[in-house]
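For what it's worth, the working numbering labels the leading residue of the sequence shown as -17, then goes sequentially. Note that CB positions come from ideal geometry on N, CA and C, so glycine has one too. Here the structure is a predicted model, which means the values were calculated and not measured. All remarks here apply to the structure that follows.
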Amino acid sequence: MTHYLLEYRYADMDARARARPEHLDYLNALQADGTVVMAGPLADSSGAVVVLDVEDEAAVREVIAADPYTKANATADHRIREWNVIPRAQG
């Protein structure tokens, strides 16, 4: 598997608030199956970063498409970057 950074900005804070419970459930399920390594909003509340451990960029795009935030049009400007982690996380 490969680590990817997913960065996005919040486009609609009202839509974000409405979709947040479903979004958190979604991220928790992805974390339980090992897809999401960690995630959270930026300190300035302008957007968020998600670290994923997936096969390829197509898998990241599937995660984005299924996210309740995406379906609610709460986010925009999704940026995907492959990340070479050194050293690899322990645990």
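For residue 23, the closest C-alpha among the options 51, 41 and 67 is that of 51. Between residue 43 and residue -13, the C-beta gap is not smaller than 8 Å, which leaves the two residues out of contact. The residues 35, in chain order, have a CB closer than 7 Å to that of residue 16 in the same chain once the five nearest residues on each side in sequence are set aside. Rounded to the nearest angstrom, the gap between the Cα atoms of residue 28 and residue 54 is 17 Å. In this chain, the beta strand (DSSP E) harbouring residue 20 covers 18 to 23.
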